[in-house]
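Chemist: Before I ask anything, let me first share the structure, which is written out below as structure tokens.
2 protein chains.
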Amino acid sequence: MKKAEFTLDSVRDSLIRQEDTIVFCLIERAKYPLNSPAYNQSYVSIPGFSGSSLVEYIVKQTETLQATAGRYENPEEHAFFPDNLPRSLVPSYNYSQVLHTAANSININKMIWDMYCNQLLPLFVAEGEDGNYASTAASDIDCLQALSRRIHYGKFVAEVKFRDAPRDYEPAIRAKDKDALMKLLTFEKVEETVRRRVEKKAMVFGQEVNLDNVNSKGKYKVDPSVVSRLYVEWVMPLTKLVQVEYLLRRLD
Amino acid sequence: MKKAEFTLDSVRDSLIRQEDTIVFCLIERAKYPLNSPAYNQSYVSIPGFSGSSLVEYIVKQTETLQATAGRYENPEEHAFFPDNLPRSLVPSYNYSQVLHTAANSININKMIWDMYCNQLLPLFVAEGEDGNYASTAASDIDCLQALSRRIHYGKFVAEVKFRDAPRDYEPAIRAKDKDALMKLLTFEKVEETVRRRVEKKAMVFGQEVNLDNVNSKGKYKVDPSVVSRLYVEWVMPLTKLVQVEYLLRRLD
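Here the protein sequences come in this chain order: A and B. Residue numbers 1 to 252, in the numbering used here, belong to the letters of the first sequence in order. Residue numbers 1001 to 1252, in the numbering used here, belong to the letters of the second sequence in order.
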């Protein structure tokens, strides 16, 4: 992101574009059934990864690989297993630093992992197994990374809101008043618009497209109400949690 | 895939579903500009990977990881760098074997790689760089794997067609007559339907979805005519190439 582009509009555009990514990822994950052995810590025994499920192993190893390629130099990206990641082997790119340095200490991926694996997955994938554990795990990484990026984008949302009206936020920040901050960050009408839009995206992107212009009414690859629920129960509340955590450190 | 499901209809359903995946992958890749350093063999120097571009390095390493998770046990999957892949560490899944064993010797991923990196990419991504080389490469893997799976699915298409009418194919197979086989496998009307459908999918999935029911006429995340061209110039011809190669070995 270039500095010139960091405005309330650019932040909003990014959030809207990320909705498409999240819906695509869920639709792709739904191609496979649950494949529960991939989440079972005793299903595989991989040297050096005892106690890891196949999905944990693949996510850890993928993050290691992507770290060498510089993924986590981008302040929009957050690892699920950030400890002991190797350094980037790629010449460093000059990402513009728009966030307060305290942003680096905020990573709620443990909560996102738990939400995704234990609560969200069973809501939108079929039961059963088809043996495609590697592809399932690759698809899980896409979902996890898309959700993580969207939720941690709360840092940018908070920063742009703070810059827009610092005096509105400073008293609550100094008082460490989380409830007051949460109130300042909550716009029910906006949240309802987002909810309706992601539900519609699930309908548009998850329909069966054919040339007869026959609408696949009621038959979607991922239930639109699940996408709506994902945003209402998890994505928007967790984004606001990130915003509050960021703002609490904004004057440090 | 269960044996019971291997019919002309199940094969067609899979091909249609894979169109959605391909369009989603292209739309996601188009979020990033070309990021040409990722394809430049002198941009990075990674120990043990001299002469590899960042994308080659990431694809090789991802395939190694996915091989340990059993990805290539599935006869629908083909590696881009199949030499010296490690064996799977996952209990083997009993994929039903519907293909002739000669299928294992067919892998045209070199052609697919060349087509994707050198011809397709510049048609649908913007010029320039944004530093997201790792994410770009991850997105390239998704595209490459989706295209590879779709094109090599020609093995299943050929098998189901052969089973349906072995006598139509046997003379051309015994005569090793590629042209005659290609003619038997070509249905211009079906190909035109596929072309129009993928173009429409690019419009539906690549539109800006909003709540006003305003159509984003003419503004798509990936130009639908590029998706149409991808199928006409590459996906369908390469699928038929796979079918011909498979049928030539079908009576061995």
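The C-beta atom is built at its ideal place from N, Cα and C for all residues, glycine as well. It should be emphasised that the depicted structure is a prediction, and the values quoted were computed from it without experimental measurement.
(1) For the stretch 156-208 of chain A, list the alpha helix (DSSP H) runs that are entirely contained and at least 4 residues long, ordered along the chain.
(2) Quick check for students: name the residue ranges of the alpha helix (DSSP H) that lie wholly in the stretch 55-132 of chain A, counting only runs of 4 or more.
(3) Can you name the residues of chain B whose CB is closer than 7 Å to the CB of A:S135?
(4) Going by C-alpha to C-alpha distance, which of B:P1075, B:G1206, B:D1020 sits closest to B:N1094?
(5) Using beta carbons (cut-off 7 Å, strictly below), is A:R196 in contact with chain B?
(6) With 8 Å as the C-beta to C-beta threshold (strictly closer), list the residues of the stretch 1010-1028 of chain B near chain A in chain order.
(7) Examine chain B for any beta-carbon lying closer than 7 Å to the beta-carbon of A:K200, and answer yes or no.
(8) What are the start and end residues of the alpha helix (DSSP H) that includes B:I1022?
(9) Which residue comes first and which comes last in the alpha helix (DSSP H) that contains A:P237?
(10) Can you tell me the Cα-Cα spacing of A:V242 and A:E159, whole angstroms?
(11) Interface residues of chain B around A:L54 at Cβ under 7 Å?
(12) Taking Cβ-Cβ distances shorter than 9 Å, what residues in chain B pair up with A:R124?
(13) Please list the residues of the stretch 29-62 of chain A that have a C-beta atom closer than 9 Å to any C-beta atom in chain B, keeping them in chain order.
(14) Considering A:S225, what are the terminal residues of the alpha helix (DSSP H) in which it resides?
(15) Just checking my contact of A:L54 with A:A30 at CB under 8 Å: how many whole Å lie between their CB atoms?
(16) Do you know whose CA, among A:L15, A:L8, A:F6, lies nearest A:T239's CA?
(17) Could you check the C-alpha separation between B:K1060 and A:A67 for me, to the nearest Å?
(18) Taking the alpha-carbon positions, what's the A:R229 to B:V1222 distance?
(19) Do you know offhand how far A:E5's Cα is from B:R1197's?
(20) Count the other C-beta atoms from every protein chain shown that fall within 10 angstroms of the C-beta of B:M1111, then say buried if there are 16 or more, exposed otherwise.
(21) Near B:V1232, which residues of its chain fall below 7 Å by C-beta distance, leaving aside the five closest residues on each side in sequence?
(22) Go ahead and pull the three-state DSSP assignment for B:S1139.
(23) So is B:V1338 buried or exposed if we call it buried at 16+ other beta carbons inside 10 Å?
(24) Whole angstroms is fine: what's the gap from B:T1007's alpha carbon to B:V1098's?
(25) Name, please, each residue of chain B whose Cβ falls closer than 8 Å to the Cβ of A:T193.
(26) Where B:K1200 and B:T1021 are concerned, what is the direct C-alpha to C-alpha distance, given to the nearest angstrom?
(27) Would B:Y1093 count as contacting chain A if we go by Cβ distances under 7 Å?
(28) A:N132 touches chain B at which residues, Cβ-Cβ below 7 Å?
(29) Could you confirm whether any beta carbon from chain B is found closer than 7 Å to the beta carbon of A:V204?
(30) Counting only beta-carbon atoms, is A:L259 nearer than 7 Å to chain B?
(31) Just to make sure I have the definition right: I need the residues of chain B whose C-beta is within less than 8 Å of the C-beta of A:A175. Which are they?
(32) What residue from B:R1087, B:A1146, B:I1046 has the CA that sits closest to A:G70's CA?
(33) Please look up how many angstroms separate the CB atoms of A:E127 and A:L34, rounded, as I've assumed it's under 8 Å.
Modeler: To lay it out plainly:
(1) 166-174, 178-184, 188-205
(2) 109-114, 121-124
(3) Counted from its first residue, the first sequence places residue 135 of chain A at position 135. Chain B residues near A:S135: R1071.
(4) Counting from one through the second sequence, the residue named residue 1094 of chain B turns up at place 94. The candidate whose alpha carbon is nearest that of B:N1094 is B:P1075.
(5) Here residue 196 of chain A corresponds to residue number 196 of the first sequence, with the count starting at 1. Chain B, which has a Cβ nearer than 7 Å to the Cβ of A:R196, makes this yes.
(6) R1017, D1020, T1021, F1024, I1027, E1028
(7) The residue labelled residue 200 of chain A in the question sits at position 200 within the first sequence. Closer than 7 Å to some Cβ of chain B, the Cβ of A:K200 qualifies, so yes.
(8) In the second sequence, the residue the question calls residue 1022 of chain B occupies position 22. B:I1022 -> alpha helix (DSSP H) spans 1008-1029.
(9) The residue labelled residue 237 of chain A in the question sits at position 237 within the first sequence. Element bounds for A:P237: 236-249.
(10) Within the first sequence, the letter at position 242 stands for residue 242 of chain A. Within the first sequence, the letter at position 159 stands for residue 159 of chain A. So the alpha carbons of these two residues sit roughly 11 Å apart.
(11) On the first sequence, position 54 is the one that residue 54 of chain A refers to. Within 7 Å Cβ-Cβ: A1069, V1090.
(12) Against the first sequence, residue 124 of chain A aligns to sequence position 124. As written in the sequence, residue 124 of chain A is Phe, which differs from the Arg given in the question. Ordered by position in chain B, no residue passes the 9 Å Cβ test against A:F124, which lies about 16 Å from the chain.
(13) K31, P37, A38, Y43, V44, S45, I46, P47, L54, Y57, I58, Q61, T62
(14) Residue numbering aside, residue 225 of chain A sits at position 225 when the first sequence is read from its first letter. A:S225 -> alpha helix (DSSP H) spans 224-229.
(15) Along the first sequence, one-based indexing puts residue 54 of chain A at 54. Along the first sequence, one-based indexing puts residue 30 of chain A at 30. No, A:L54 and A:A30 are not in contact; Cβ-Cβ is about 19 Å, not under 8 Å.
(16) Counted from its first residue, the first sequence places residue 239 of chain A at position 239. Checked all of A:L15, A:L8, A:F6; the closest Cα to A:T239 is A:L15.
(17) Stepping through the second sequence from its first residue, residue 1060 of chain B is reached at position 60. Stepping through the first sequence from its first residue, residue 67 of chain A is reached at position 67. Cα-Cα distance, rounded: 15 Å.
(18) Taking the first sequence and counting its residues from 1, the one referred to as residue 229 of chain A is at position 229. Taking the second sequence and counting its residues from 1, the one referred to as residue 1222 of chain B is at position 222. Between A:R229 and B:V1222, the C-alpha separation is close to 29 Å.
(19) Locating residue 5 of chain A in the first sequence gives position 5, where the first residue counts as 1. Locating residue 1197 of chain B in the second sequence gives position 197, where the first residue counts as 1. The straight-line gap from Cα to Cα measures roughly 36 Å.
(20) The sequence position of residue 1111 of chain B within the second sequence is 111, counting from 1. Classification of B:M1111: exposed, given that the 10 Å Cβ count is below 16.
(21) On the second sequence, position 232 is the one that residue 1232 of chain B refers to. So the qualifying residues of the chain are R1195.
(22) As a first step, residue 1139 of chain B is located in the second sequence; it is residue number 139 there, counting from the start. If DSSP states are grouped into helix, strand and coil, B:S1139 belongs with the helices.
(23) Outside the modelled stretch of chain B, which goes from 1001 to 1252, sits residue 1338 of chain B, for which no answer is possible.
(24) The count along the second sequence starts at 1 and reaches residue 1007 of chain B at position 7. The count along the second sequence starts at 1 and reaches residue 1098 of chain B at position 98. So the alpha carbons of these two residues sit roughly 11 Å apart.
(25) For the purposes of this step, residue 193 of chain A is identified with residue 193 of the first sequence, where counting begins at 1. Here the neighbours are L1211.
(26) Within the second sequence, the letter at position 200 stands for residue 1200 of chain B. Within the second sequence, the letter at position 21 stands for residue 1021 of chain B. Cα to Cα, the separation comes out at about 14 Å.
(27) Taking the second sequence and counting its residues from 1, one reaches residue 1093 of chain B at position 93. Yes, its Cβ sits closer than 7 Å to a Cβ of chain A.
(28) Translated into the one-based positions of the first sequence, residue 132 of chain A becomes position 132. Those are N1074, listed as they occur along chain B.
(29) Indexing the first sequence from 1 puts residue 204 of chain A at position 204. Yes, its Cβ sits closer than 7 Å to a Cβ of chain B.
(30) Lying outside 1 to 252, the shown extent of chain A, residue 259 of chain A is not represented and no answer is given.
(31) Start at 1 with the first residue of the first sequence, and residue 175 of chain A comes out as number 175. What A:A175 touches in chain B: nothing, since even the nearest Cβ is about 37 Å away.
(32) On the first sequence, residue 70 of chain A is found 70 positions in, with the first residue counted as 1. The shortest C-alpha separation from A:G70 is found at B:I1046.
(33) Residue 127 of chain A sits at position 127 when you count from the first residue of the first sequence. Residue 34 of chain A sits at position 34 when you count from the first residue of the first sequence. Sure, about 6 Å apart at Cβ, within 8 Å.
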